[in-house]
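Chain order of the listed sequences is A and B. Here the first sequence is numbered in the working numbering, starting from 1 and rising by one per residue. Here the second sequence is numbered in the working numbering, starting from 1001 and rising by one per residue. Glycine included, every Cβ here is placed at the ideal spot set by N, Cα and C. These numbers were taken from a predicted model, which means no experiment stands behind them. In what follows, a single structure is set out as structure tokens and then discussed.
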Amino acid sequence: MSGLVGAESTGARVELEPVIGLEIHVQLLTRTKMFCSCALSFGEPPNTRTCPVCLGLPGSLPVVNERAIHYGLMIGMALGSELAPRSIFHRKNYFYPDLPKGYQISQYDEPLCLGGDLDGVRIHRVHLEEDAAKLTHVGSTGRIQGSSRSVVDFNRGGTPLAEIVTEPDIRTAEQASDWLKLLRATLRRLGVSNVNMDEGSLRCDANISLRPAGTTTLGTKTELKNMNSFRFIERGINAEIARQRGLIESGGKVVQETLHFDPASDRITSLRSKEEAHDYRYFPDPDLIPVAITPDMLEAARAAMPELPAARAERFERELGLSADTAHQLAFRGELGDFFEAGLPHTEHVQQLGIWVTGELVRHLGDADPASSRLRPAALAALVELVAARKVTQTAAKDVLGELVDAGGDPAAVIAARGLGAIDDAGELTGIVAAAVAANPDAAEKIRAGNRKAIGAIIGQVMRQTKGRADGGEITRLVLEQLGLDG
Amino acid sequence: MSRQTDELTALSALDASRRLGTGELDPGDLFDAYRERAAADELNAFTWVADAAPPETAAGTPLGGVPLAVKDLFCTKGVPSQAGSRILEGYRPPYTATVVDRLAAAGAPLLGKTNQDEFAMGSSNENSAFGPVLNPWDHSRVPGGSSGGSAAAVAAGLAPWALGTDTGGSIRQPAALCGIVGLKPTYGAVSRYGMIAFASSLDQAGPLTRDVSDAALLFRHMVGDRDCCDSTSVAYPAQVDLPTASRLDGIRLGVPAELAGDGIEPGVLAAFEATLELARSLGASVETCRLPHAPHALSAYYVIAPAECSSNLARFDGVRFGLRAPESTDLISMYTRTRHDGFGGEVKRRIMLGTYALSSGYYDAYYGRAQRVRTKIADDFRAVFGDFDFVVTPTSPTVAFELGAKTGDPLSMYLNDFCTVPMSLAGIPAISIPNGLARPPAGGDELPTGFQIAGPAFSENRILDAAHALERELGFDSTRVRP
């Protein structure tokens, strides 16, 4: 997409360019909460993962989770950020029932990580804070309107969050979604979060504005919330771009406000305007003394850094000659990349191995981790070797893979046991092809008349008869030969 | 009161703990003696008194079972902890403050909870939702605040000793007005975990006791390892010793010109001068020193403390604990009605002040500037301690004043902390010891005055020693006003 909207429907009007920045909240996968020793909650009964600190009881005090700082430093390193010399927390004051202390402990003018870049999108900052509790509005819609009462579950309250804010470097909804997937892969690779949008461990808001294409000043932005899947992010951003474009083109003005996206209707509604924005009265939290980031802390974070997806994809392309697409698929789903790399010592045909992992294996497993199947990486590599040596056809090998995934074992043994070895007796195949040509006179006639597509019927019959053990190319060659045509 | 009760409660906490240690004294008898007195409290010093001695045996503990009165703002599991506020009426927390736990483990079981100014905001104890505390020396007068209940209970012999908190003078000033000893420790020396916060960067727990040795003994068991639940706490760098000094030879006392002149009642000043003379006779040198920024301390304090309290008190929203106004129709009305009904006037005033001071566009002019003044004051003290061992001042510019005398004039009430706030801002330790009696300016019976000794951070041992030497010579009888 060009990033230019408006032109196709209005012709002469000024082309408007969307400018998009993202604010991503990531729940960190620490053992305990950000400021207390409660274990993180994963669907426990409400209010069973709480203590005086995360309930904000009088007299309780926060203590910073060092692991969260460690994870924050790793995120900063992964994004190429400048790391702060000290960790300091502020209080962000506002009243809401999901905020037990009446303030959120967050970082303000000294974020843990400043600047950075991921795949051409600049990072503004990364800071640490605590998650709010979960409010449930009792009623049909689940939203506060029309609800008779609200209940609070404090299990989530105090979960460590990293807030990652980008610069407004994104131009399309699709780019936003793609970039977020890269960020997710990166964070998953770091092991700092489950980064699961369904479960809320990855949440994304978008700041969106439009401006005349070719200009550099930013238009008035809106902040769009509640896009809790990659699909909704694209739909939400596109809906907001369309709304702003409609406003501007009809002579109206975009108002700075916070918006809510309803994925059920694609409707966007206002949560609050700029005038209603809170004065958060930030000030340094006097309960938490600033903590210097020591060389030891930096070294520990550096030592814990894995190879990141972007670098891994680049290495797969450069060193192993994989296609960009295969390399990205392997690198962005780290578990696929791990499986692939475990199979590498067992085959010369590394590109083919990559294709099998990202193609046929993913078709079998979906989103599941191949390490949790019965298939061993060496077995897949051996299967790739057998295909390359024409000991088994592609078609038969797909069957074999299915059995290996379900039951494990050695591919050569499976092939032998099920009689799926490629027909390497030229005489045998010549006879089967001759019978098939004779059984399909119409197709033979069409082929002779120049309709090469008609060959499919004959190949299909041979494949059925040989149960996929014959090579398609070889069958084609034999058919044409027997009809007196050259390849 | 029985004769036995009077004999038991006449013992200092140190004496009592020694006799408990030898088995000469039974901890249950001692507890009952104090419980009997506390239950008969006519000063409104207590908001809750234990029904019976705790079942846990204090045998083998260092203190052996000397009961402890605890300011109401310390959380005590299952026991009302209301911080003098309507908004926490009947609130029984699910956990106990670290320092109360430590003292209980050391053999100082909870005797009762003491009345206080609401959320420790006040200098007269008249800001309590549960009524004012009366000064045992004169029931028409205030005991000081905010730890007024603790001070009055100790002075009247209703408790052997008590825990208070000091944010800008809330231990030292009531100790002075009630004729007892009060120590505000170095900021960070005592865990704040479980202390219902007023101003986090200033609040500090400390002992209120009949004499300096008792203060040292209680303080010894308040400090120790760093509390992992309080990031601002530190491991106390030394063993706290019982004071032994009887002389002040070579001790250099600095009298800050800014804190020992204008605004001090003549009787208080006379007692102060007499104590300085006594210090000289014990071998100390006394010279004027300068704390050039001290006159700005109150202004800075009344920005910083309200700013922090405006945030600290946001959690009293009616959602999870304490008062919830019953007729609320929606969220905002629940918040506003609950806080309207639950907070007293002074608390509301400080929340408003603090909210304003932190507001966007005003932060630098108020909070930022106040913090810079605070740094200057700490620097002033640091410079002075290059030349002097201690800074000494009158603790309170006045003796105990009459109930209602200042309630209509917040600024004159704030001036009570004129001599104590600079040390709070600097985070340094300071003690107040009774140093005599003075007649109020408008006449009437003589009332106690306090002498404040402040030293560098973690100099409590030296402060206690100096205070002990003076105390011996002053000969003040802190048991004089017992009922």
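- Of all residues in the segment 38-59 of chain A, only Pro52, Leu55, Gly56, Leu57, Pro58 and Gly59 come within less than 7 angstroms of chain B when Cβ atoms are compared, listed by chain position.
- A Cβ-Cβ contact shorter than 7 angstroms links glycine 21(A) with threonine 166(A).
- When secondary structure is reduced to three states using DSSP, glutamate 1446(B) falls in the coil class, being assigned neither helix nor strand.
- The Cβ-Cβ distance between arginine 267(A) and threonine 258(A) does not fall below 7 angstroms.
- Taken in chain order, the members of the segment 281-300 of chain A whose beta-carbon sits within less than 7 angstroms of a beta-carbon on chain B are Arg281, Phe283, Pro286, Asp287, Leu288 and Ile289.
- Counting other Cβ atoms within 10 Å of its Cβ, isoleucine 75(A) reaches 16 or more and is therefore classed as buried.
- Given a length threshold of 4 residues, each whole run of the alpha helix (DSSP H) inside the segment 1359-1406 of chain B is given here in chain order: 1369-1387.
- Short of 7 angstroms from the beta carbon of alanine 304(A), and not among the five residues preceding or following it, lie these beta carbons of its own chain, in chain order: Met74.
- Valine 1319(B) reaches chain A at Pro97, Pro100 and Val152, counting residues in chain order whose Cβ is nearer than 8 angstroms.
- Where tryptophan 1161(B) is concerned, the enclosing beta strand (DSSP E) starts and stops at 1161-1166.
- Cβ contact annotation for aspartate 1227(B) (same chain, cutoff 6 angstroms, sequence separation greater than five): Thr1098, Ser1191, Tyr1193 and Ser1233, in chain order.
- When the alpha-carbon of glycine 1475(B) is set against those of Gly1455(B), Arg1482(B) and Pro1448(B), the nearest one is in Pro1448(B).
- A contact is defined here as three or more CB-CB pairs under 8 angstroms, and the segment 1006-1013 of chain B fails this definition with respect to the segment 1041-1058 of chain B.
- Cβ contact annotation for aspartate 425(A) (same chain, cutoff 6 angstroms, sequence separation greater than five): none.
- If you draw a 10 Å sphere on the C-beta of isoleucine 415(A), you find 16 or more other C-beta atoms in it, and that means buried.
- For valine 1286(B), the secondary structure class from DSSP, reduced to helix, strand or coil, is strand.
- Between the alpha carbons of valine 1303(B) and proline 284(A) lies a gap of roughly 14 angstroms.
- Using a Cβ-Cβ cut-off of 7 angstroms, tyrosine 108(A) does not count as an interface residue toward chain B, since no Cβ of chain B sits closer than that to its own.
- Considering only beta carbons, the part of the segment 56-88 of chain A lying closer than 9 angstroms to chain B consists of Gly56, Leu57, Pro58, Gly59, Ser60, Leu61, Pro62, Val63 and Val64, in chain order.
- Contact annotation: alanine 1052(B) and arginine 1086(B) have beta-carbon atoms that are not nearer than 7 angstroms.
- Neighbourhood of methionine 1195(B) in chain A, by CB distance below 8 angstroms: Gly59, in chain order.
- Taking the CA atoms as reference points, leucine 1218(B) sits about 37 angstroms from arginine 67(A).
- Within the same chain, Val151 come within 6 angstroms of threonine 136(A) by CB-CB distance, once the 5 residues on both sides are set aside.
- Contact between the segment 214-231 of chain A and the segment 43-53 of chain A is absent, with fewer than three C-beta pairs closer than 8 angstroms.
- Taking C-beta atoms as the reference points, leucine 1242(B) and alanine 1216(B) count as a pair closer than 7 angstroms.
- If one requires a minimum length of 4 residues, the alpha helix (DSSP H) runs lying completely within the segment 333-416 of chain A are 334-343, 350-356, 362-365, 377-388 and 394-407, in chain order.
- Straight through space, the alpha carbons of lysine 1406(B) and leucine 288(A) are spaced by roughly 36 angstroms.
- For aspartate 279(A), the chain B residues whose C-beta falls within less than 7 angstroms of its own C-beta are Ser1359 and Ser1360, listed in chain order.
- A direct Cα-to-Cα measurement between threonine 1061(B) and aspartate 1230(B) gives close to 25 angstroms.
- Per the C-alpha coordinates, the member of Ser1200(B), Arg1324(B) and Leu1353(B) positioned closest to proline 286(A) is Ser1200(B).
- When secondary structure is reduced to three states using DSSP, tyrosine 1302(B) falls in the helix class.
- 7 angstroms or more divides the Cβ of threonine 1395(B) from the Cβ of glycine 1318(B).
- Nearest CB-CB separation between arginine 156(A) and chain B: not below the 7 angstroms threshold.
- According to the DSSP assignment, lysine 446(A) belongs to the alpha helix (DSSP H) that extends over 441-448.
- For glycine 76(A), there is no enclosing beta strand (DSSP E); the enclosing alpha helix (DSSP H) has its first and last residue at 66-78.
- One alpha carbon belongs to leucine 112(A), the other to alanine 84(A), and they sit about 5 angstroms apart.
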